[in-house]
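Residue numbers (the numbering used here): 1295 to 1464.
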């Protein structure tokens, strides 16, 4: 399989393992592995790639994702655009939950709310500490994400409403 053939469906849809977790576990310790993993996320979900996010930490129930400030992410007030912030929060929440899922589970975001607390400027870090589903039984989870600037000030707070359930049988 070529890197360009990856998709969220091919990575997680019917595999008997949590291939997302397997991929991170294989790559993150290698030189350039975190960057490669971050790039793969962008290939799997092309819109996500537009903010050039970088996965820094990924473990069961926790993720930290950074985004460098760039002119293309700015709005008319010279702060980071609201949609770039929600994209960053969604990436952090989704990968934290993906990594935490049992091998036979999958999820979909069914809703998302975000509060913009102050203008976001400079490099940002989204931190997610989420529940760890014990089974693939159909359930809804609230996935909180905090987005902070380089000073540590919280600029946005998001909650993803995610539905977890069993993978389709192959």
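Positions of the beta carbon are idealized from the N, C-alpha and C atoms, including for glycine.
Beta strand (DSSP E) containing residue 1435: first to last residue? The residue given as residue 1435 occupies position 141 in the chain shown. Looking at the DSSP string, the run of the beta strand (DSSP E) that includes residue 1435 is 1433-1443.
Thinking C-alpha only, which one of 1449, 1423, 1414 and 1454 is nearest residue 1371? Within the chain shown, numbered from 1, the residue matching residue 1371 stands at position 77. When only C-alpha atoms are compared, the closest one is 1414.
Reduced DSSP category for residue 1410 - H, G, I as helix; E, B as strand; rest coil: In the chain shown, residue 1410 corresponds to position 116, counting from 1. Strand, per DSSP.
State the Cα-Cα distance for the pair residue 1388 and residue 1444, rounded to the nearest angstrom. In the chain shown, counting from the first residue as 1, residue 1388 sits at position 94. In the chain shown, counting from the first residue as 1, residue 1444 sits at position 150. Going from the Cα of residue 1388 to the Cα of residue 1444 covers about 22 Å.
Kindly confirm or deny that the region 1355-1370 and the region 1413-1427 touch, where touching means at least three C-beta pairs closer than 8 Å. yes
Return yes when the Cβ of residue 1403 is within less than 8 Å of the Cβ of residue 1352, no when it is not. In the chain shown, the residue the question calls residue 1352 occupies position 58. In the chain shown, the residue the question calls residue 1403 occupies position 109. The answer is no: Cβ separation not under 8 Å.
Could you pull the start and end residues of the alpha helix (DSSP H) that residue 1415 belongs to? Along the chain shown, one-based indexing puts residue 1415 at 121. Residue 1415 -> no alpha helix (DSSP H), and no H or E assigned at all.
Mind reading off the beta-carbon distance from residue 1385 to residue 1359? Whole number of angstroms is fine, and I expect it under 8 Å. For the purposes of this step, residue 1385 is taken as the residue at position 91 of the chain shown. For the purposes of this step, residue 1359 is taken as the residue at position 65 of the chain shown. Contact holds; Cβ gap of about 5 Å.
Does chain B have any CB closer than 8 Å to the CB of residue 1311? Going by chain labels, chain B is absent from the structure shown, which holds only one protein chain.
Go through its chain and collect everything with a Cβ distance to residue 1436's Cβ below 7 Å, but skip five positions before and after it. Along the chain shown, one-based indexing puts residue 1436 at 142. Cβ neighbours of residue 1436 beyond the five flanking positions: 1453 and 1455.
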